[in-house]
Every structure is written in structure tokens, then in C-alpha cells.
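Worksheet: one structure, shown below.
Protein chains: 2
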Amino acid sequence: MGFEVLKEKIKQSTVKVKIAVVQPIDKEVFKALKVFCDAKLCHFILVGSSNIIHREAKQIGLTDYEVVNAADDKTASAIAVSLVREHKAGVLMKANVSTDVLLKAVLDKESGLRSGRLLSHLIILARDNGRFLGMTDGGMNIQPNLDEKVDIINNAVKFFHGLGIQEPKVAVLSATEKMNPKIKTSFDAEHLIERSKKGDIPSAVVYGPVAFDLAVSQRAREVKGVADKIPYDADIILVPDIICGNSVAKALIYCAKLHSGGVVLGAQCPIILSSRADTAQERLYSIMLGIMQCIPS
Amino acid sequence: MGFEVLKEKIKQSTVKVKIAVVQPIDKEVFKALKVFCDAKLCHFILVGSSNIIHREAKQIGLTDYEVVNAADDKTASAIAVSLVREHKAGVLMKANVSTDVLLKAVLDKESGLRSGRLLSHLIILARDNGRFLGMTDGGMNIQPNLDEKVDIINNAVKFFHGLGIQEPKVAVLSATEKMNPKIKTSFDAEHLIERSKKGDIPSAVVYGPVAFDLAVSQRAREVKGVADKIPYDADIILVPDIICGNSVAKALIYCAKLHSGGVVLGAQCPIILSSRADTAQERLYSIMLGIMQCIPS
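Residue numbers (my numbering), protein chains in the order written: chain A, 1 to 297; chain B, 298 to 594.
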């Protein structure tokens with residue numbers, strides 16, 4: 001499985017998903033939009049400064065799109081959220097707006113997109129071996145507690161089910177596979193495995209604590225003598241906090257050059273929260289991930 | 298600068314460093330030792346099960362080495378430590394012994410290698426652009442406080458001075474470059490920069506908070522509009538805790554395939570704490586890093 005496989009699935013789907021894009025301004029965003037429009041993979045509603053949007057759209061040759069004018073970032077966010085509430089869009093996408101501003105609109109108790117579940121961020125990385133690696137939560141929940149981690153895992157597991165992976169393997173990340181009472185995540189792993197056994201995390205295998213190498217390398221598991229206990233790579237890595245998740249993901253993107261996309265799960269619709277520094281390709285992959293949540297897998 | 302440059306420096310040095318190796322058993326360790334022996338880069342004292350050591354040494358064709366027999370891991374660790382105390386060895390190297398057992402011998406108040414400074418782990422990664430990236434502390438201090446972080450930075454800075462980098466740039470890692478009162482490392486950065494200004498971290502530039510991408514990518518800094526404020530890549534990344542440091546380093550090693558070596562600093566001698574899953578090459582680089590601390594830069 002890789003992003004090319006996703007693209008094929010989206011192409012073959014009869015559902016044409018509508019995406020509300022908040023404040024598209026820079027050329028990288030428009031490059032991504034154009035690829036989808038040209039391939040007729042989805043439909044875009046662009047919300048923001050209509051002058052800039054029309055200018056950039058014209059310059060890059062984007063034709064098939066709608067525009068809703070908005071005076072500023074806050075207004076654009078609120079309008080895009082309302083489009084989802086009114087079922088005029090199925091996916092929400094952040095462009096040149098700060099995450100804080102967009103999430104404030106999403107989390108608004110009156111007019112937002114809360115579904116009763118915790119919102120969480122999932123990054124999907126395409127590994128060299130053709131597998132997807134999910135990492136959560138490196139974008140949203142700063143230091144989640146154990147109940148929140150159950151929600152974060154479930155959001156990611158549900159996403160993987162949507163990709164057709166029936167029983168994703170969820171590794172609870174730590175610095176070592178050994179129980180160390182001084183390392184808090186040792187207890188996290190114990191607790192989350194227990195919760196999984198109780199049925200709180202259905203259709204997934206939760207295991208850990210594991211160090212990163214054990215989650216991604218059969219060779220490391222063999223050398224460390226845990227290959228019997230852990231005979232598989234992780235599909236999803238649960239990180240302890242936002243700094244760890246953000247840093248590991250960025251190390252994989254910037255240094256390992258892994259293709260990646262990010263999506264926020266747990267709201268009334270998938271939310272694409274790409275970073276200001278993302279390339280057009282990264283945006284493409286994030287858009288695909290968002291669309292995947294709206295079409296039958 | 299890369300590991301090849303280090304090798305040249307070691308070759309050209311007139312000082313022949315002695316390394317006490319604790320419990321060398323597997324073939325990967327002996328492969329590394331042989332490279333150094335053949336090139337006459339240093340001298341090894343192998344401490345552990347002498348039967349196994351002689352058998353493996355013979356098999357790989359290792360000739361120039363000393364052996365001190367030890368019945369078990371604990372004894373081997375204690376003997377190796379005493380060799381350093383008696384100035385018979387200048388570097389301590391972990392082979393097939395658990396980190397905990399070796400560090401217990403190192404940290405023994407009576408017979409260990411304490412120097413009054415905090416011990417900390419530094420991993421050195423050779424980036425594609427030819428620069429070394431130090432990451433600390435992903436191997437030893439689980440959740441260091443701010444005073445300990447000052448020591449951890451100073452250990453790494455001193456190491457970089459030894460590599461000939463006069464004023465290393467130290468990035469305090471976070472999930473964003475923005476001050477966020479909910480993210481503890483925002484305050485860490487503020488405090489550590491203050492300590493640096495007071496002279497507690499001499500001959501270094503401490504900055505932050507920064508997300509990983511800003512520490513390693515000029516493009517990310519430009520897109521996020523901080524290229525003026527941060528016009529350089531980091532030499533050293535201070536991670537908030539062991540899980541983050543361990544995971545980011547392993548992501549860079551296992552997925553970005555960066556060459557790396559690790560060393561423990563702050564004791565009476567450099568300590569090479571390579572992981573059980575390290576390859577011969579990773580061990581080579583760690584040995585070089587240890588030797589570099591014993592020869593004039």
C-alpha cells in the first residue's frame with residue numbers, strides 16, 4: 001500500500017467528495033488543487049480572499065472550483081466549517097491559515113464540528129517497504145491522558161480500517177521494550193493493553209512498550225531477542241506527546257524523505273491540517289487521506 | 298565533516314588510545330574491533346568471558362589485543378571501569394552487556410567514574426549535507442530538569458569543541474517555534490537561553506523553541522518566515538526527554554539510514570554505549586567518537 005494505491009481507489013470511486021479549503025493563497029496549495037481538479041478526483045470550494053484566489057487560480061489554470069469570499073482568516077474558517085455542517089463539503093482543508101484559528105472554528109461548541117469524540121491528528125508516512133506507518137498524535141493533543149490516548153488510538157484504528165487494514169498493530173512508543181518504572185510510558189502501555197483486552201479498542205492489536213527501532217525493524221527485534229513476541233512492524237505508533245510525535249514525523253519527512261500526509265480525525269468530517277512548509281506533494285497526499293474517509297474502502 | 302574526516306584525524310594523531318571493551322561476544326562487535334586493530338587506530342582491552350573472546354578473535358583474525366577474564370557481566374563492567382581508573386584505558390566501551398549493568402559500575406560512588414558532572418548521552422548523526430547533528434539526551438537521562446539540561450548541553454558543546462566546532466548552535470526542541478504556554482519546552486527554551494546569556498553555557502549559541510524541521514531545513518525556515526531569526530541548521534538538538542530523543546535518533550538511523558555513533562559524556566572518560574542492534578559500522582563510528590575525546594582536536 002502506498003499513496004499511488006490510494007489515488008487509484010479514489011479514481012475508481014463513484015463518490016465525488018467536496019473539499020472546503022480555508023484561505024488558499026500560496027502557489028504550493030494551488031499546485032495541489034490543480035492536480036486533483038485536472039484528474040477530477042474531487043471538487044473544491046475555496047474560502048478566503050476572493051481576489052487572491054481568482055488571481056492564483058487563473059495563473060495556474062484552475063478552472064473547476066467554487067469561491068466563497070471571506071474578509072479574514074477567522075471568517076474564512078467559520079464559513080468553511082459551516083459548509084461542512086450544511087453538508088455542502090465533506091472534508092475541511094487548512095491552507096494559509098494558522099492551525100489555532102482553524103481549530104477554534106472547528107471546536108466551537110455552537111457552530112463547530114464536534115462529534116462527541118476527541119479530535120486527534122494522524123500522520124501517515126509511506127515507508128520504503130510499501131507499508132503505511134501512522135503516527136499519532138504529533139499535531140494536536142499536547143500531553144494526552146490515558147482516556148484521551150484510548151480515543152486517539154481508536155481514531156487512528158478506524159482510519160486504518162477505512163484503508164482496508166482490518167486489525168492494525170498499534171505500538172505504544174517508549175525508549176525501551178523493557179518495563180522501566182521511571183519511564184511513564186511503560187505504565188501507559190500496560191494500561192492501554194488492558195483497555196484493549198477489555199474491548200475499549202476493538203479490531204486492533206495494542207502492544208508495547210516498544211522503542212522506535214522495534215516498531216519498524218525486524219532485524220532490531222531479532223538482535224534484541226523479541227522477534228517471537230513481536231513478529232510484525234507497527235501500523236500505528238502511539239507517541240507519548242506532541243513534541244515526540246511532531247519531531248519523529250518531521251525527521252522521517254525531512255531526513256528520510258518519506259512521503260507523508262496528515263489528517264485530523266474525530267470531528268464530523270476529516271480535517272486536513274498540512275503544515276505551512278509542506279510541498280505540493282505532501283498536500284496531495286493529505287487530500288487523498290481526507291477523501292479516503294468519505295468513500296467506501 | 299563526516300566520519301571519514303574523523304578517521305583521518307585519528308590516523309594522524311600520535312596518541313594511541315586504549316579502549317576497555319565490556320563483554321564482547323557477537324560477531325558484529327569483533328568486526329568493528331578488527332577494523333581498528335588492522336588500521337592500528339587504537340588498542341583494545343577485552344574484558345569478559347575469555348573463552349568466547351579468544352574463540353571469536355581467532356575466527357575473525359584479531360591479533361593485537363589484551364584479554365581480562367570476567368565471570369559475568371557485572372564483574373566485567375567493574376573490571377573495565379577499574380582499568381580506566383588506573384589509567385590503563387582511556388575509553389570504556391559497552392558490547393554485549395545491558396546498559397543498566399554497565400552504568401551501575403560507572404556510577405558507583407566508591408569505584409565508579411563520576412567526575413562531579415552529570416553523565417549524559419550524545420548521539421552523533423552524519424547528515425547528507427556533510428554536517429554532524431548531535432542529539433541529546435536520548436539514551437540516559439529520562440526526564441531531566443533545567444539544571445540537568447544545562448549540564449547536558451555543556452557536555453555536548455564541549456564535545457563539539459573537541460571536533461573543532463568553536464561555537465556550536467544548540468536548538469531547544471519543541472513542536473513549534475511559537476511560545477505556547479501549554480507546551481513545557483517553550484519555557485525550557487526561554488530559561489536555557491537566559492542561562493546561556495548569564496554565561497552558564499559558554500562558547501555556544503542556544504536558541505529555541507524550534508520544531509525539528511526548523512532545526513534542519515533552511516527551506517522550512519524560509520516558508521515559516523523565521524529564516525532571518527534562525528539563519529543556520531542546528532549542530533546540537535536538545536530533546537525534552539529520553540523517549541523523544543531515542544525515537545528521533547532511531548527514526549534517522551533506521552529510516553533515513555544516517556550513519557551514527559553514540560557516546561556518554563561527563564564521566565572520567567568517554568563511554569561508548571552502542572545498542573545491541575547496532576551494526577559493525579555504527580560501532581566503528583561510536584569508537585571514533587570516543588577516541589576523538591582523548592586526542593587533541
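Glycine included, C-beta positions come from ideal geometry on N, C-alpha and C. Keep in mind it's a predicted model, so treat the numbers as computed, not measured.
query                                                                                                                                                                               : result
Using a Cβ cut-off of 7 Å (strictly closer), state whether Val-248/A contacts chain B.                                                                                              : yes
For the alpha helix (DSSP H) containing Glu-305/B, name the first residue and the last one.                                                                                         : 300-309
Measure the alpha-carbon distance for Val-170/A versus Ile-237/A and round it to whole angstroms.                                                                                   : 6 Å
For chain A, is any of its Cβ atoms less than 7 Å away from the one on Leu-549/B?                                                                                                   : yes
Could you tell me which residues DSSP pairs with Val-561/B in its beta bridges?                                                                                                     : His-418/B and Ile-568/B
Whose CA, out of Ala-548/B, Gly-299/B, Ile-592/B and Ile-307/B, lies closest to the CA of Gly-435/B?                                                                                : Ala-548/B
Using a Cβ-Cβ cut-off of less than 7 Å, list which residues of the region 68-102 of chain A approach chain B; keep chain order.                                                     : none
Is the region 463-477 of chain B in contact with the region 574-582 of chain B, if contact means three or more CB pairs nearer than 8 Å?                                            : no
Considering only DSSP beta bridges, list what Val-365/B is partnered with.                                                                                                          : Val-344/B
Interface residues of chain A around Lys-479/B at Cβ under 7 Å?                                                                                                                     : Ile-142
What does DSSP give as the partner residues of Met-93/A in its beta bridges?                                                                                                        : Val-21/A and Ile-272/A
Tell me which residues of the region 25-40 of chain A have at least one Cβ-Cβ distance to chain B shorter than 9 Å, keeping chain order.                                            : Asp-26 and Glu-28
Does any CB atom of chain A fall closer than 7 Å to the CB of Pro-567/B?                                                                                                            : no
Interface residues of chain A around Thr-482/B at Cβ under 9 Å?                                                                                                                     : Ile-243
Can we say the region 313-322 of chain B touches the region 336-354 of chain B, given the rule of at least three CB pairs closer than 8 Å?                                          : yes
From what residue to what residue does the alpha helix (DSSP H) around Val-239/A run?                                                                                               : Careful: Val-239/A lies outside any alpha helix (DSSP H) and carries neither H nor E.
Distance check for Val-561/B and His-418/B, CA to CA, integer angstroms please.                                                                                                     : 4 Å
Quickly, what does DSSP pair Lys-466/B with across the bridge? List them, please.                                                                                                   : Val-502/B
For the region 212-232 of chain A, enumerate the residues whose C-beta is nearer than 8 Å to any C-beta of chain B, in chain order.                                                 : Phe-212, Asp-213, Val-216, Ser-217, Arg-219, Ala-220, Val-223 and Lys-224
Check whether the Cβ atoms of Ala-564/B and Ser-412/B sit closer than 7 Å, and answer yes or no.                                                                                    : yes
How about Ala-472/B: is its C-beta nearer than 7 Å to some C-beta of chain A?                                                                                                       : yes
What residue from Ile-242/A, Asp-228/A, Gln-12/A and Asp-200/A has the CA that sits closest to Leu-41/A's CA?                                                                       : Gln-12/A
Excluding the 5 residues preceding and the 5 following Val-67/A in the sequence, name in chain order all residues of the same chain whose CB lies nearer than 6 Å to its CB.        : Leu-46, Ser-50 and Ile-53
Label Tyr-529/B either buried or exposed according to how many other C-beta atoms from any shown protein chain fall within 10 Å of its C-beta, with 16 as the threshold for buried. : exposed
Which of the three DSSP states is assigned to Leu-133/A in this structure?                                                                                                          : strand
Mapping the DSSP letters down to three states, classify His-556/B as helix, strand or coil.                                                                                         : strand
Work out the CA separation of Glu-407/B and Ala-377/B for me, nearest whole Å.                                                                                                      : 15 Å
For Ile-142/A and Asp-38/A, what's the separation of their Cα atoms in angstroms?                                                                                                   : 38 Å
For the pair the region 443-452 of chain B and the region 482-502 of chain B, tell me if three or more CB-CB distances fall below 8 Å.                                              : yes
How is Cys-339/B classed by DSSP in three states: helix, strand or coil?                                                                                                            : strand
Between Ala-256/A and Ala-553/B, how many whole angstroms is the CB-CB distance? I'm expecting something under 8 Å.                                                                 : 4 Å
Would Ala-577/B pass as an interface residue toward chain A - the criterion being a Cβ-Cβ separation below 7 Å?                                                                     : no
Chain A partners of Ala-553/B, CB-CB under 9 Å?                                                                                                                                     : Ala-251, Leu-252, Tyr-254, Cys-255, Ala-256, Lys-257 and Leu-258
Would you decide whether Asp-235/A is buried or exposed? Buried here means 16 or more other CB atoms lie within 10 Å of its CB.                                                     : buried
How about Pro-465/B: is its C-beta nearer than 7 Å to some C-beta of chain A?                                                                                                       : no
How should Gly-262/A be labelled, buried or exposed, when 16 other C-beta atoms within 10 angstroms of its C-beta is the threshold for buried?                                      : buried
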